[in-house]
Structures are given as C-alpha cells and as structure tokens.
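>
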Amino acid sequence: MQKRLLFLVTLLLAMTTTVMAQITTSGISGRVTSQGEDVIGATVTATHLPSGTIYRAVTNIDGRYTIQGMRVGGPYKIQVAYIGQKTKTFENVTLRLGETEDLSCSLQDDSKELQEVVVTGNAGVNGTKTGAAQSISSKQIADMPSITHGIADVARLNPQLTTSSNGAMSFAGASNRYNSFMIDGAMNNDVFGLAADGSNGGQAGTQPVSMETIEQIQVNVAPFDVRQSGFTGGSINAITKSGTNQFHGSVYGFGNNQSLIGHHYPYSDGTGYAPKYQKQEQYQWGVTLGGPIIKNKLFFFVNYENANKTYPNLNGYRQAGSRVNPDEADDVLQKVKDMAQRQGLSYDGTFANPDIYTKSNKLGAKIDWNINDFNKFSFRWSYVDAKQLNVVSSSSSLNDDHYYFPFTSKTNSFTAELQSRISPTISNEARVSYVRVRDKRNVASAFPMISLLVTGGSVNIGNERSSMANSLDQDIYTVEDNLTWYKGNHTFTFGTHNEFYKFANLFIQDANGSYNFTDKAHFDKYYADFVAGTIDPNYNYFRQYRYGVANVDVTGDPRWKTPFSAGQLGFYAQDKWNITPSFQLTYGLRMEIPLFFKTPTANEPFNTYAAQHNWDVRTNHKLSSTPLWSPRVGFRWDINKDRQFILRGGLGIFTGRIPYVWISNNFAKTGLQMQTYSVNNPKGLELILNPNGQEANAARLRAAGSQEVNVFEDKFKFAQTLKANLGFDFHLLGIDWTAEALYSKTLNDIYYKNLAVDKTGQTFAQVTGYEWDNRPMYERTTTGSPFSYVYALYNTSKGYTTSLSLKGEKHFNFGLDLMASYTWTRSMSVNSGTSSVAGSNWMYNATYRDVNDPELSLSAYNVPHRLQASAYYHINYGAQKQWETTIGLIYQGRSGSPYVIEVYGDMNGDGANGNDLMWIPTDAQIDRMKFASGVKVNNSKDIYPLITKVLGSGFNGTLTEAQQRSLMKQWIADDSYMNHHRGEYFKRYADNLAFENHFDVHLAQKYSFKVAGQTNSLELSLDIINIGNLLNKDWGHTYGDEFGRYFSPFNYEGNGVFKFDGTHVARNYDTYYSRWRGQLGLRYTF
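Each residue of the sequence shown is one higher than the last, beginning at 126 in our numbering.
(1) Among all the DSSP beta bridges, which residues are the ones paired with R566?
(2) Between the C-alpha atoms of I586 and V834, what's the straight-line distance to the nearest angstrom?
(3) Just mark F1185 as buried or exposed, buried being the case when its beta carbon has 16 or more other beta carbons within 10 Å.
(4) Enumerate in chain order the residues of its own chain whose CB-to-CB distance from R1202 is below 6 Å, with the five nearest sequence positions on each side excluded.
(5) What's the gap between the Cα of K366 and the Cα of F426?
(6) Rounding to the nearest angstrom, what Cα-Cα distance links N614 and G194 in this structure?
(7) So H647 is in the alpha helix (DSSP H); what residue range does that whole segment cover?
(8) Would you mind working out which of G894, G292, S263 sits nearest I364, comparing C-alpha positions?
(9) From T1011 to Q993, what does the alpha carbon distance come to, in whole angstroms?
(10) Helix, strand or coil for E729 per DSSP?
(11) If you measure between the beta carbons of I1045 and R1090, is that distance less than 8 Å?
(12) Can you grab the Cα-Cα spacing for the pair S1101 / S1020, in whole Å?
(13) So, are the CB atoms of V461 and V579 less than 8 Å apart?
(14) From the DSSP output, which residues share a beta bridge with V557?
(15) What is the rounded straight-line gap between the Cα of E1167 and the Cα of Y670?
(16) Any idea if D661 is buried or exposed, counting beta-carbon neighbours within 10 angstroms, 16 or more meaning buried?
(17) To the nearest angstrom, how far is it from the Cα of V604 to the Cα of T212?
(18) Apply the 10 Å Cβ neighbour rule to N817 and answer buried if 16 or more other Cβ atoms are within range, or exposed otherwise.
(19) On the CB-based measure, 16 or more other CB atoms within 10 Å of its CB, does E589 come out buried or exposed?
(20) In whole angstroms, what separates the C-alpha of G1082 from that of N1063?
(21) So the candidates are A1087, S591, W1160; which of them puts its Cα closest to the Cα of E1121?
(22) Which one of I492, S384, N607 has the shortest CA to CA distance from S545?
(23) Taking the beta strand (DSSP E) that Q409 falls in, what are its first and last residues?
(24) Looking at A866: is its Cβ nearer than 8 Å to the Cβ of L847?
(25) Assign K932 to buried or exposed, taking buried as 16 or more other Cβ atoms, counted over all protein chains shown, within 10 Å of its Cβ.
(26) Residues in its own chain within less than 6 Å of A477 by CB, not counting five upstream and five downstream?
(27) Enumerate in chain order the residues of its own chain whose CB-to-CB distance from V568 is below 6 Å, with the five nearest sequence positions on each side excluded.
(28) Under 7 Å Cβ to Cβ from H388, same chain only, skipping five residues before and after it: list those, please.
(29) Would you list the one or two residues that DSSP bridges to N67?
(30) Closer than 8 Å is the cut-off here; do at least three beta carbon pairs connect the stretch 401-413 with the stretch 442-455?
(31) Once the 5 residues before and after P725 are set aside, which same chain residues still bring their CB inside 6 Å of it?
(32) Quick one: measure Cβ to Cβ for Y626 and L810, integer angstroms, because I've assumed they're closer than 8 Å.
(33) Short of 8 Å in beta carbon distance, which residues of its chain neighbour G275, apart from the five on each side in sequence? Order them along the chain.
(34) What is the DSSP secondary structure of H856, counted as helix, strand or coil?
(35) Mind pulling the alpha helix (DSSP H) runs of 4 or more residues that sit fully within the stretch 797-845?
(36) Between which two residues does the alpha helix (DSSP H) containing Q459 stretch?
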C-alpha cells in the first residue's frame, strides 16, 4: 500500500510544477464594461510602485481579468486601458494577504471631453473573504502596545482568538496544539507539539521571526479555500518584508528595567503584596536593511535582532513570595547530602535564587528576483538561537538549583518560491522549504529527584523528572504547488501540499529515578532508619517511585533517541465561480494522506497478552494511510452591489496535523526500547542516590510487574473538524460592522484509556458509606503481568464549539480610529490534550464517571466571554507635516482561565493521584465526612485568609476534625460556583477564574526629515502594558498563566478519610503578568 501511495505522489508531482499550498501573495480581479457591455481585450497593468514590479492581464470574452501572485501591501498603481476608451486608474491601492481585491470598472468613451479617471484607495469592506479571517498590516503591528514584540500580541486583534500569558493561543475554544503558523507560506509551527505558543523556539521563550521584518499577517479561523489546511483551530500566516528600488531600513531598540515595572504585585496565592523587583531588565535591539541589487530586477532584505530578558525569582528560597518553610527545606537538603555522602557520592545542590533569563539572536536574509514579467522568484533564510533558564517554582513549591534547567533552541529555515504566469489564463505558484530545529534541556549534573510535602508546600531536590534526558531534533521538508486556470467567470485551482518529517526525540522520564515521600515525617523516618541501617522492608516510606530506562540490549544506547519519520500529503481542486458580479461561490475538495515510514517495534509478549484480553491493540500497529477527505463550500454575496452589505459563509471539513509527540510516545514506549516503571506505596524501597544505580530498584519492580506501554487504537485517525460559518459585513451609521457565527463539530479528536484498570462493580458510596458519591471504583486488571500501565490513544467524535462575535470599527478623517468587539464561546470536549505525555493526558483528564470513557464536558480552552476595544489617534502637524503623534489604547477583557477542582489522592482506586473530580458536599454531608487527625497549620502571620476568617488571627497548631469541617463549609460558601452547585460533582472546567480586565497604552512621537531626497524618521515610543495596575494595585490582575488550571485544595487519605487545612484554596494570581510593565523604544527609519 505504501509503495502504491508513493508512486501516486511521484506521478502527481510529475504532472505539475512542484510547488505551493499556503497563501503568500495577493491578487486583483474584476470585470471591465463600457456602456453596459463587456470589454474584451482591455489591458490591465498593475505596478508595485516601491519595487517597479509590473503585473499584466487582458480581459476575456466576459470582460473579466484576474492577476494572482502579487506582492502583499503596496501602494499599487493599476491602469485599465482600451483603444477608444479613457484609461481608468486606481491609485494608492493596498493589497491584503490572501485576498483578491475586486477592481471592476466601467470605461468612458474617448470622444467625450473627460480627463483620465482616477480612483484613490480601496473601496468597500473586507476584500473577498468567505470565512472568518483577518489581515493585519505592518502599521498596525508597529502601533500595537507590546513588550514581548511577539505574534500573539498582534494576533489578539482577532475576536475569535484568546491568548494566555505563557503564549498559548486558542482559536474559538480549540487546543493551542491544533494551530498552524506559517512564515512566507513555509511551516514554522512546532509540529512535534511541545511549545505552548505553537512555534519553533517557543520552549526557549522566543519565536522564529522578528516582528520588525513582517509586512502583513493573516489570521484565519474558518477559511473555505481548500489551499489552506493543517489546522483545526486557527492559522497565522506572516509575510516578511522585501527590498525595493530605494534603500530602506531601520535601527531600533526597546528596553526597560525595574523602574518600569509594578512596585507591588499580588503574591501568587493572593494573600498579600510583595515588594518591587530589586533588579530586572529587558531589552531588544536590531537592524534591518533592504534595497536594490539591480533596479526593478533584483532586491535584498536582511535583518538582525538581539533580545535579552532577566528578572529575579520572587518565589525562591527565603523570598517574600514563598510560603514553603525554609528551615524544613534546609533540613531536607542537608539530610539528602548526608545520605549521598554515606553512599559514596557528592551532591552540591543549594537553594540558590538565580535570575530567570531569556536570550535570543535572530538573523534573516531575503532575495527577490523579477526574472521577467512572467516569473518572480524569492529565497528566504532565517536563523534563531535562543536560550532560557526554566525555573519551575511557585509560592508553594521550593526547588534546589539542580531542579532548574537551561533550555536551548536553534532553528534554521530555508524557503524558495517561484511565481509564474504561464499564459494569460494560467498561473502557478511554487515553493519548497526546509526547517531544521534542535531543542535541548540541559541539567547541571545527574541526580535523582526527591520530592515531599513540608509546611507550606513541597520541596524538590535534584533533577526535574522530565529534564533528566530530554532533547529533540526535527527536520521538516515541504513541497508545494498551486496551478490556477482562469476560464470565463471561473477560477480553477489544482494543487498539492506535501510535508515530510524526521524526528529524533530523547525523552527518558525519570531516567535518574524519582522518589516521592508522602511528607516530611516519612522522609525523616527513612533518614533515621537509613543512618541506623534498619530500613523496614514492610514500611511504606514513599508515596511513589518512578524510573525510566533505555534497554541497551535492544537500543544499544543508554540515551536512545526515539527515531521516526512521517509525512502528510495533500491534493486538492477548487473552483471559484463568479456566478454574478455580486455573488461568488467557492467549492473544492481536498484529500490528505498521512504517511508513516516506520512501525513501532513488536512486543510479542504484550501483543499476546492484549489479544488474550480482547484489547484490539498491539505495539507494532502502523497508523493507516487512508485518505482523509475535506470538502468545502463557501459563498460571498454583495447584497446591494456596492460592497456595503456583504453576506458570506461556508461549510467544510478541516484536517489538522496531530502533535507528533503523541505519536512518538508509542514508538518509545513499546515496553522494549524504553522501559518505564512506576509503583505506588512500595514497601521497604531504598533511596538510591546514584543516578546510575537505579537498576537495583528497577529489578525489584520488574519482578512485580510495573511496565508502561503506549499503543494506538487500530483505526486511529488525525484530527478533523466540520466548521460552519456565517458572517455579515456591513456599513451602517458610519460604522463598519462584522457579525460572525461559527460552529465546529468534532469528527476526529483524541482521548486515552488505561487498559490496565477496569471497574470493580462497586462505587465509592458502597466502599465508604458516603451514599451521595457514586463514582465507580477501579482495580488493576493486569496483576501478574509486567504491564501496570497501558495507555491507548483513541479517536472520539464527541465535542463541539459555538462562537458568536460582533465587531464595529469607525474611522474619522481627523485621525481617530475606534474599534470594539464582543465574542461569546462555548467549547465542549472529552479530552483537551493538555499534555505531551500519554500517561498525563489520561491521568489529569479529571472525571467522575468513567476514567476510560470520560464524559463530554467544557474544554480546557473554554473562555466564554471576551471583550475588546481600541482607540487610536494619529495627527500630523508642522509646516511640512514632519511631526506625527500616535496615541493608542487597547482594552482586553475576558473570562479567566477555566479550572478544575479535584481531590488529591486516589479516591477510585485507578492508581492515579489527582484525576478525581470533587463532589461538592452540602453542610449536612460535611458533618458526616471523616477528617484526618494531626493536621498542622501555621497561620501566625495571617497569610491564609480562610483560616483567619474561620479560626481567628494568628492560629498556629493542629486542626481538629470539627475545625476542618468549619473551614470546608466556609470555603464552599465563599465560592459562588460551588455554593450554587452543592450536592453535585464539580464538572470538568465548569467554572472560570475571575474576569480579567487589562488596558494597554502605546504612545509614539515621530519626526520625519529628508536625507538625499529620501524621507527618514526618528520615533520615540512608550508602551505601558496593564496600565490599570499602575493606577491601582488591585486592578489588572491575571489569574493563572495557562489554559486548564487544576486545583487540589484537599486530600483523600484512604478509608473514607479526608484532609482539609485551608492553605491551598486561593485561585492563584500570576506573579508577573498581574503587574503593570512599561517599555521605552527608539526607532530610526530610512
């Protein structure tokens, strides 16, 4: 089957010029008439004035013309000429990325005494789009308040887009892993699926392009053009600047320090305010230069940018933001060092507070060549080198310096494109690209991870468990083509878009061993017994032990990188039919073929075991190359034929890429190459601190059977969504309005099962006597086998999203621009796929019904309400209008991140801690619940408001059961959602954190002057992000920095006993983004 598909690909590529599918250009089209008759043979000439690039077309038998493959932006001068008729000229035309501007016209008889007819600028609204899309110009990019100068800051102008402070972008409630990010049409999103912002370099805190180099950005949510694919969420396509006939460029710099950042900000747990940063700095500078190599023929554009951000960790050791008892943490660290020394090792970890930093360098070069009037060629290269220190900490987590890790990322990208006009009715766009990405987590020295609870939170010593062996190499090749044929009032497109991936992923979680003690009392007992040489073989010192290792007998390499290659082929055909001058119908069909060039290794003992249990899975299952079909139809109706009232919409299927990390899990964890062991409450296990000595514990676990295996269901398919969109663009009361309705129905999405657990037939109510909580109980079904965790990836068709938005824009001639929008979204899913690891995607998909058939619930990306408004004022003044002042204000209001309240502990016996949704008890039910004894709390400084409110100021002691009941009752009563849903389960993501309101300001003063006849300018700018917090420290708070928050405010101790101490009930503020931040900028443009 694979050979036949490859033969088909080769044949199809041979039949067309090898090239493009994602859109990088613009176009114009129209109908030319004279006295009501079609004009045949009129000449249309479009000149891109900055570069002198010329495009030509001749009207056909219907008087129609089309020119595609034109440079984005402008200005253009477009002339329509015919013998015996006055020439019609369009001046200062600006073209939007991916849109075809309608420039229809009527010519006047030359015998009449008329001057040349000139039309200035573009008329009407919204180009020729059919679905939900938006174009953002370089001017809008420059005027956007921003400190990071990132894509997300600009893309947020789209009403359907919601961003989180860690850079993740969700379009209309879809996962941030389901987006597409293109630069000059070449794929630059993180196809492996690890970066929150979805782009290469994202894990190191950067992006693959400098905003200073971008000419225009197009944001799409539901485009019904079949050329656009690779996403079920949304797509962002950025087009970079090119050289022109004049030398032009810029030198720019932006920066701030601790004086331009909030002096007070809320603690992450919301219990007060910390002092200002003593030291913080962020700067970014760069240069661009473009110009002619040969006038009107060959152009260049180059850029360099350096960025550096450094700020302290205020949640670190003995810092104001940390709630963890430092004396207990010191005691733990010293005892670990002592045990290491007694085992013949040396450990130099400390509770240092290193500054958190992000550094990057970006280089780029672009060549544009007007070969002749019929062929245009461009080549672009870019390089990004980034490094970020990841300090994983919070107010309730204290980690030593070996737990931190610098993350390095290097990206090389090459793109070549050829645009050809083969004949007056046939044009072609072609592209090939190659992207090389090298990412790596670096640890100081190898050491196991030791974690435990102390007063105020947790302590972590040693290497973070996912960073012990972690790197990723990606090589991505793209071959694309679009062939367009203009026939009468039809525009036919035939194309192919083909992607090929090569991955090598080193990811051995727990490679040095991970030991989790229940609490400090258990840790202290182990230490005492270890020193005395009396380890109790029947005592549970640890809550959990985990270990991962590459099987050298199979891999030949202890740091084995999971290798696999894949591809995705796309073929499509489309007709854009101008049925009438005012009604356009676009319909097409796209076919995607996923390819996998390798098969996971067969683990025959597992396959035999799975067959005996009728699981219908096997480790060597190869994903199907069955074609995935994406039919689409879209329409556009200019109701009054004046482009003032436009109804548009469409219906179609979108096929996306799957995050390939989910595929990689199944190549790595067959139970052969990579062996993962995990055991809860192991009796008599020893703490082995030699990272190379974990085999002693692993041998014991191997005998008890604790392997993890990852598999697919037999017919697993890539993500697909059916989207329906209806939009209305209209001009009313002097305002341009856009009303948008979007509905997305899941066709193929993901969820996970753990085949190693099954229902016992009992409920929690039957086991504990709490008759109100009827969640099912589970048990391990693989006892006696080596397989303790079997995570299977399945498809589901459950899920949908509805999104409604209204946007209004008003432009005033005196320089004022106003915009306001509101978006309502409801997104439902079975599993939001928030993790890169199979076990985590199953384990942390909290449920109350069935852990292997999770209920349909709100998505981790469901942000129901989003408000947006902006006001920009531009004024030019001075004798020569050489002064320009810009004042911009943007408001972003949105529901907080969706969250879950779960119980920490294993309530249902499925072996997972933290995936059991909370039952919201009534007061009467709380009175019947059992609570643990010996629960100590120190609130002597009144840092926990709930404890102060219920038990009084300065409480420091042991909580009784009655006090724990009182705390829980008050906590529920104070929470609006829980108070109104007593006697129910807390549904997954059923509530959102507090509504957020943020105001951002951009101020710029520009002075323009002439040098050698060319305009130069110097601009000073000030951006203030979250200016509300500058005015009042209680304004502008951000609640959480990511989608899908989890809170575990109380524990299940087993046997129907709970523990609630009231110290983890606050909905955390984000410690950085809740403060105002300012930045000064200086830009010289020539």
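Beta carbons: idealized from backbone N, C-alpha and C, even for Gly.
What you are looking at is a predicted structure, and each value in this text was computed from that prediction instead of being measured.
Working from what's here:
(1) The sequence position of residue 566 within the sequence shown is 441, counting from 1. DSSP lists F532 as partners of R566.
(2) Here residue 586 refers to the residue found at position 461 of the sequence shown. Here residue 834 refers to the residue found at position 709 of the sequence shown. So the alpha carbons of these two residues sit roughly 28 Å apart.
(3) Looking up residue 1185 in the sequence shown gives position 1060. Counting the other CB atoms within 10 Å of its CB gives F1185 a total of 16 or more, which places it among the buried residues.
(4) On the sequence shown, position 1077 is the one that residue 1202 refers to. Same-chain partners within the cutoff: I272, I386, I1150.
(5) Counted from its first residue, the sequence shown places residue 366 at position 241. Counted from its first residue, the sequence shown places residue 426 at position 301. Answer to the nearest angstrom: the Cα atoms are 7 Å apart.
(6) To locate residue 614, count along the sequence shown from 1; it is residue 489. To locate residue 194, count along the sequence shown from 1; it is residue 69. Straight-line Cα distance between these residues: approximately 19 Å.
(7) On the sequence shown, position 522 is the one that residue 647 refers to. Looking at the DSSP string, the run of the alpha helix (DSSP H) that includes H647 is 645-657.
(8) Translated into the one-based positions of the sequence shown, residue 364 becomes position 239. Ranking the options by Cα distance to I364, first place goes to S263.
(9) Taking the sequence shown and counting its residues from 1, one reaches residue 1011 at position 886. Taking the sequence shown and counting its residues from 1, one reaches residue 993 at position 868. Going by the C-alpha atoms only, they are around 20 Å apart.
(10) Here residue 729 refers to the residue found at position 604 of the sequence shown. E729: helix per DSSP, three-state reduction.
(11) Sequence index remark: in the sequence shown, residue 1045 carries index 920 (1-based). Sequence index remark: in the sequence shown, residue 1090 carries index 965 (1-based). Not in contact: I1045 and R1090 (Cβ atoms no closer than 8 Å).
(12) Translated into positions along the sequence shown, residue 1101 becomes position 976. Translated into positions along the sequence shown, residue 1020 becomes position 895. Going from the Cα of S1101 to the Cα of S1020 covers about 15 Å.
(13) Taking the sequence shown and counting its residues from 1, the one referred to as residue 461 is at position 336. Taking the sequence shown and counting its residues from 1, the one referred to as residue 579 is at position 454. Not a contact, by the Cβ cut-off of 8 Å.
(14) Counted from its first residue, the sequence shown places residue 557 at position 432. Looking at the DSSP output, V557 shares a beta bridge with A541, V604.
(15) Here residue 1167 refers to the residue found at position 1042 of the sequence shown. Here residue 670 refers to the residue found at position 545 of the sequence shown. Cα to Cα, the separation comes out at about 28 Å.
(16) Taking the first residue of the sequence shown as 1, we reach residue 661 at position 536. Counting Cβ neighbours within 10 Å, D661 comes out exposed, since fewer than 16 surround it.
(17) In the sequence shown, the residue the question calls residue 604 occupies position 479. In the sequence shown, the residue the question calls residue 212 occupies position 87. Going from the Cα of V604 to the Cα of T212 covers about 41 Å.
(18) Counting from 1 along the sequence shown, the entry for residue 817 is found at position 692. Counting Cβ neighbours within 10 Å, N817 comes out exposed, since fewer than 16 surround it.
(19) As a working mapping, residue 589 is identified with position 464 in the sequence shown. The residue in question, E589, is buried, as its Cβ has 16 or more Cβ neighbours within 10 Å.
(20) By one-based count along the sequence shown, residue 1082 stands at place 957. By one-based count along the sequence shown, residue 1063 stands at place 938. G1082 and N1063: Cα-Cα distance of roughly 6 Å.
(21) In the sequence shown, the residue the question calls residue 1121 occupies position 996. Out of A1087, S591, W1160, W1160 has the C-alpha closest to the C-alpha of E1121.
(22) In the sequence shown, counting from the first residue as 1, residue 545 sits at position 420. The residue with the shortest Cα to Cα distance from S545 is N607.
(23) Along the sequence shown, one-based indexing puts residue 409 at 284. Bounds of the beta strand (DSSP E) holding Q409 are 406-419.
(24) For the purposes of this step, residue 866 is taken as the residue at position 741 of the sequence shown. For the purposes of this step, residue 847 is taken as the residue at position 722 of the sequence shown. Not closer than 8 Å, so no.
(25) To locate residue 932, count along the sequence shown from 1; it is residue 807. When all chains shown are included, K932 counts as buried.
(26) Within the sequence shown, numbered from 1, the residue matching residue 477 stands at position 352. The residues are D526.
(27) On the sequence shown, position 443 is the one that residue 568 refers to. Closer than 6 Å at the Cβ level, and outside the excluded window around V568, lie F530, N588, S592.
(28) For the purposes of this step, residue 388 is taken as the residue at position 263 of the sequence shown. For H388, where only same-chain residues beyond five positions count, the Cβ hits under 7 Å are K401.
(29) Lying outside 126 to 1211, the shown extent of the chain, residue 67 is not represented and no answer is given.
(30) no
(31) Along the sequence shown, one-based indexing puts residue 725 at 600. Closer than 6 Å at the Cβ level, and outside the excluded window around P725, lie T744, N745, N791, F792, T795.
(32) On the sequence shown, residue 626 is found 501 positions in, with the first residue counted as 1. On the sequence shown, residue 810 is found 685 positions in, with the first residue counted as 1. Not really, about 40 Å apart at Cβ, beyond 8 Å.
(33) Position 150 of the sequence shown, counted from the first residue, corresponds to residue 275. Here the set comprises G292, D322, Q332, M336.
(34) As a working mapping, residue 856 is identified with position 731 in the sequence shown. Residue state, collapsed to three classes: strand.
(35) Residue ranges of uninterrupted alpha helix (DSSP H) with 4 or more members, entirely inside the stretch 797-845 and ordered along the chain, are 820-829.
(36) What you label residue 459 is simply residue 334 of the sequence shown in a count that begins at 1. Taken as a continuous stretch (DSSP letters only), the alpha helix (DSSP H) holding Q459 covers 451-467.
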